[in-house]
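**Student:** Below you'll find the structure I mean.
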Amino acid sequence: MTRLHFPNFLRLGLLLGALLLWFTPAPEGLTAEAWQLFVLFLAAIVAIIANLLPILTAAIAALALSILTGLLTPAEAYSGFSKSFILLIVVAFLVARGVVKSGLGKRVALLIIRRFGSSTLGLGYSMVATDLLIAPAFPSNTARSGVLFPIVQSLAHDSGSKVADGTRRKMGSFLMMNSMAGISISSALWFTAMAANPVGAGIAKEMGVAIDFGSWFLAAAVPSLAAFVLIPYLLYRLFPPERKETPEAPRLADAELKRMGPVHRNEWITGVTFVAMVVLWALSGVLGLDKTAVALAGLAVLMVTHVFTVDDMRDQGEALGVFIWFAALYTLSTYLNLFGFMNYLGEGIASQLTGLSWPLVYVLLVGLYVLIHYLFVSQ
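All letters in the sequence shown, in the order written, are residues -7 to 371 by the numbering used here.
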């Protein structure tokens, strides 16, 4: 007898569950189209979260079915691929790869550690400061983690703090928790530091609210910089490392900087391009510049100067995947909103919160945000 493969069994269960919901009458207040699009979208998200399908596969399947079932016209379904902010995310993703490849991100981190890293708390602030500095050119906090995580891990291991031997509380746990918090701070500070930011601005623009790089920074600077000052210290007090001093960290950073040698051509080009992109993004509203065009120009400079090559582009197949699944899921969620589902959901939640005290409502909204964040994968 052939043994049933468990993941295939789960996929079959997901398919049957989706079909059952598909033919279930829409709840009162929702159209059949809104309900069926939600079922399609929910099935894709559950498949992703449960690891039944890769995110790219689930997104492509959901988008194709939305057309074949007549829920969306081809023009509607493909509209997400024409959104400039999605292209901005992909292009900036490639620029970020150039920053990593050139070694500029690593050099910035080592310079800060050499100056401020003589204590565990100083190392914590150093890593968050590095994150804040490089974040404008990294639209993915995952991509920034690719620069910061190896450095944090190396600092912990060099100080004798490892997970395997039970010494993680020596300093590694604090540095890792601190860097995770720092990723959130930097993502909030810069418009281009996280994929969700331009997506949110794109949604706001459709509602008549214009948000650009400069206005985002002005709104986010005070709370984000206050968090930068407070969060590492609070973690240091609430999640204290056993080791307080790290006199060897600046020496190790200095040794690594000497091994890297002086700033080379590719780092200079990347650094100047990075600064120019940030300045032009900040002034895009005043100068009437398109932010995506600025990103494309920055990528062009890196490619013309061979900092980032065509071969590097071929190796970044993930960027194309991000473009496809992001555009597909964005389109589906957009039409969920246009079909009235998001308003229906929001009114339903609001009706349950009416009459409660504002501190309780605040806590519940934060909790709902976290739950919705994981349900819909993308912020």
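The beta carbon of each residue, even a glycine, is placed where N, CA and C say it ideally should be.
All figures in this text were calculated on a predicted structure; none of them were measured in a lab.
Report buried or exposed for leucine 12, applying the criterion of at least 16 other Cβ atoms within 10 angstroms of its Cβ.
**Tutor:** So leucine 12 counts as exposed.
**Student:** Output needed for glycine 174: all residues of its chain with C-beta closer than 7 Å, excluding positions within five of it in sequence on either side, in chain order.
**Tutor:** Met119, Val120, Asp123
**Student:** In this structure, how does DSSP classify glutamate 20 when only helix, strand and coil are distinguished?
**Tutor:** coil
**Student:** Would you call valine 214 buried or exposed, if buried means 16 or more other Cβ atoms sit within 10 Å of its Cβ?
**Tutor:** The residue is exposed, with fewer than 16 neighbouring Cβ atoms inside 10 Å.
**Student:** To the nearest angstrom, how far is the alpha carbon of leucine 294 from that of alanine 39?
**Tutor:** 38 Å
**Student:** For the putative contact between glycine 194 and lysine 75, defined by C-beta atoms under 8 Å, what is the C-beta separation to the nearest angstrom?
**Tutor:** 6 Å
**Student:** Would you kindly check if the distance between the Cβ of alanine 212 and the Cβ of isoleucine 203 is under 8 Å?
**Tutor:** When the beta-carbon positions are compared, isoleucine 203 and alanine 212 stay at least 8 Å from each other.
**Student:** What do you get for isoleucine 126, buried or exposed, if any count of 16 or more other CB atoms within 10 angstroms of its CB means buried?
**Tutor:** With 16 or more other Cβ atoms within 10 Å, it is buried.
**Student:** For the region 205 to 232, which segments carrying the alpha helix (DSSP H) assignment without a break, of at least 4 residues, lie completely within its bounds, in sequence order?
**Tutor:** 205 to 230
**Student:** On the three-state DSSP scale, how would you describe glutamate 234?
**Tutor:** If DSSP states are grouped into helix, strand and coil, glutamate 234 belongs with coil.
**Student:** Closer than 8 Å is the cut-off here; do at least three beta carbon pairs connect the region 84 to 94 with the region 305 to 321?
**Tutor:** The region 84 to 94 is in contact with the region 305 to 321.
**Student:** Does the Cβ-Cβ distance between leucine 210 and valine 83 come in under 8 Å?
**Tutor:** no
**Student:** What did DSSP end up calling serine 110 once you bin it into helix, strand or coil?
**Tutor:** coil
**Student:** With distance defined between alpha-carbon atoms, name the residue in Gln28, Leu7, Gly21 nearest to phenylalanine 15.
**Tutor:** When only C-alpha atoms are compared, the closest one is Gln28.
**Student:** Need the endpoints of the alpha helix (DSSP H) that serine 76 sits in, please.
**Tutor:** 76 to 94
**Student:** Suppose you measure from the CA of arginine 235 to the CA of arginine 161; what does that come to, to the nearest Å?
**Tutor:** 9 Å
**Student:** By the three-class DSSP mapping on this structure, what secondary structure does lysine 197 have?
**Tutor:** helix
**Student:** For phenylalanine 231, collect the residues of the same chain with a Cβ closer than 8 Å to its Cβ; drop the 5 residues on either side in sequence, then sort them by chain order.
**Tutor:** Excluding residues up to 5 positions away in sequence, Ser165, Phe166, Met169 lie with their Cβ nearer than 8 Å to the Cβ of phenylalanine 231 in the same chain.
**Student:** How far does the alpha helix (DSSP H) with alanine 50 in it reach, from first residue to last?
**Tutor:** 47 to 60
**Student:** Rank Ala54, Thr49, Gly338, Pro19 by C-alpha distance to the C-alpha of leucine 34 and give the top, closest one.
**Tutor:** Ala54
**Student:** Is the beta carbon of alanine 311 less than 8 Å from the beta carbon of phenylalanine 77?
**Tutor:** no
**Student:** Going by other Cβ atoms of all chains shown within 10 Å of its Cβ, with 16 needed for buried, is tyrosine 117 buried or exposed?
**Tutor:** buried
**Student:** Look at alanine 51 and isoleucine 316 and say whether their C-beta atoms are less than 8 Å apart.
**Tutor:** yes
**Student:** Please tell me whether leucine 226 has its Cβ less than 8 Å away from any Cβ of chain D.
**Tutor:** The structure shown contains no chain D, having only a single protein chain.
**Student:** Going by beta carbon distance, what residues of the same chain come within less than 6 Å of tyrosine 322, once the five residues before and after it are set aside?
**Tutor:** Hits under 6 Å: Gly72.
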